[in-house]
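Engineer: Here the numbering used here is used: the first residue of the sequence shown is 242, the next is one more, and so on. Using N, Cα and C, we set each Cβ at its ideal position, and we do this for glycine too. Remember, predicted model here, so these are calculated numbers, not experimental data.
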Amino acid sequence: MKVVILCGGYGSRFVGVPGDMPKPMVSVGGRPMVWHIMSGFAASGFRDFILCLGYRSDVFKQYFMHLSSMLGDVTVDLGRGDGPVLHRDIEKIDWCVTMAETGHDSMTGYRVKKAEAFIPASDDIFAVTYGDGVTDLDFSKVVAFHRSHGKMGTVTAVHPPARFGELMIGKNGIVGEFNEKPQATSGWISGGFFVFSRRFLDTLTDDPTLILEREPLQRLAADGELMAYCHDGFWYCMDTPRDHATLEELWSSGRAPWSR
């Protein structure tokens, strides 16, 4: 299954990004956010990615094209002018990464449509997500759920992050639990992790202004073709510097739920 990751936006809401770094390439624990997302899919057995690029696509290409040399030991003989020698005893990352130029100012629906060129006709399903959210979700279960219901789309429903301490209040106002944690337990929102049947691509127009979250998904819902997979576990979206600090703290303390 191809995993389409939308990485082309400006990330303008993420105030405080160093320089002009795209949000999916902002580091958490020394690795870009998109690397953490891809690792989550790889842990579930999905290792074939299509990165839909736009803004600062060069940053993504430089990173993934030189990833092996950045992770492993490299010898460079400056005196002889020999090319670098990569020592192969590095961690195994058996991913296939296609970096697709989908337009500098394109909207999300158009980027997914452009990714169709890299999804083989024999593939009956594909996944779509964004470049700023991590989760402990087992994606193989979402795929199994999608295949079981036969609808055109599946969206993963998650609990929103708790911006403040969460209180579980019982009878007579007695507080049963006080949870200072980044995950709420009530209410559902879209977690931004989708599985679509291939025929969904036929509903997308070749219009750079097409927004996935509006007409395409709203039409699926109105037609009864969109199902929700409810995930009670961890989910977090890096939308602000505060969110970035939370993820960094979880990673550095060894309590990152998305790391498997």
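Classify T487 as helix, strand or coil using the three-state DSSP reduction.
Structural biologist: Note: T487 maps to helix in three-state DSSP.
Engineer: DSSP state of V267, grouped into three classes?
Structural biologist: Residue state, collapsed to three classes: coil.
Engineer: Report the three-state DSSP secondary structure of T397 (helix, strand or coil).
Structural biologist: Reduced to three states, the DSSP call for T397 is strand.
Engineer: Per the DSSP calculation, H472 is bridged to which residue(s)?
Structural biologist: DSSP lists no partner for H472.
Engineer: To test your reading of the DSSP string, which unbroken alpha helix (DSSP H) runs of 4 or more residues are found completely within the segment 437-481?
Structural biologist: Runs found: 456-463.
Engineer: Count the other C-beta atoms from every protein chain shown that fall within 10 angstroms of the C-beta of K355, then say buried if there are 16 or more, exposed otherwise.
Structural biologist: Looking at its Cβ environment, which holds 16 or more other Cβ atoms inside 10 Å, K355 is buried.
Engineer: How far does the beta strand (DSSP E) with L294 in it reach, from first residue to last?
Structural biologist: It spans D289 to L294 - the beta strand (DSSP E) in which L294 sits, taken as one unbroken run.
Engineer: Measuring alpha carbon to alpha carbon, tell me which of T481, F435, A283 and H307 ends up nearest P457.
Structural biologist: With distances taken between Cα atoms, P457 lies closest to F435.
Engineer: Within 10 angstroms of the Cβ of W499, are there 16 or more other Cβ atoms? Answer buried if so, exposed if not.
Structural biologist: W499 is buried by the Cβ-count criterion.
Engineer: In three-state DSSP terms, what is T376?
Structural biologist: Note: T376 maps to strand in three-state DSSP.
Engineer: Do Y212 and G372 have their CB atoms nearer than 8 Å?
Structural biologist: What is shown of the chain runs 242 to 501, which leaves residue 212 out entirely.
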